[in-house]
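If you use our numbering, the sequence shown corresponds to residues 58 to 186, in order. Worksheet for the structure shown next.
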Amino acid sequence: MEAKEYSPLALAYLGDAVYELLTREYVLERYGGKMGEVHKKSVSLVNARQQALAGELIEEYLTSEEREIFRRGRNAKGNYPRNVEVVVYRRSTGLEAVFGFLYLKGNIVRIKELFGLIVKLLENQGEAR
């Protein structure tokens, strides 16, 4: 199946795992073996609010195809947790969909490029430290 044929929520499901793995690698490299700190930092970076902020920050850097996937993910109908506003959850779903889409296309270079940009932009805002 082609990457574009997957539903936006399926792309987001896969993208969530990709984003989680990238975050864990980043945090391990940054904080070393202090597992309590590593886990705490990972959790702080992969929550819906942080992912929504990341999506907002990189939206202008996305290609037109990636923007379309982001939009599809953001507009997908699904169940949302009660502890997060719908708009925040939808934006984080859009970001996850982009990562899932790129993974299915085998575009690991672009995935790492976008994740690196996210980390840089979040650090500039004091969010990824």
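Glycine included, every Cβ here is placed at the ideal spot set by N, Cα and C.
Taking the Cα of residue 95 as reference, the smallest distance to any Cα among 108, 106, 110 and 79 is reached at 79. Of all C-beta pairs linking the region 174-185 to the region 121-141, fewer than three are shorter than 8 Å, placing the two stretches out of contact. The beta carbon of residue 111 sits closer than 7 Å to those of 152, 175 and 179, all from its chain and outside the five residues before and after it, given in chain order.
DSSP, read as helix, strand or coil, puts residue 169 in helix. Taking a C-beta distance under 8 Å as the contact criterion, residue 144 and residue 106 do not qualify as a contact pair. Note on residue 120: under 16 other CB atoms within 10 angstroms of its CB, so exposed under the neighbour-count rule. Under the DSSP assignment, residue 151 falls in the alpha helix (DSSP H) whose first and last residues are 143-161. When the Cα atoms are used, residue 156 and residue 123 turn out to be separated by approximately 9 Å.
Restricting attention to 132, 61, 130 and 148, the CA atom closest to the CA of residue 104 is found in 148. Around the beta carbon of residue 75, 16 or more other beta carbons sit within 10 angstroms, so the residue counts as buried. In the DSSP assignment, residue 72 falls within the unbroken alpha helix (DSSP H) covering 65-88.
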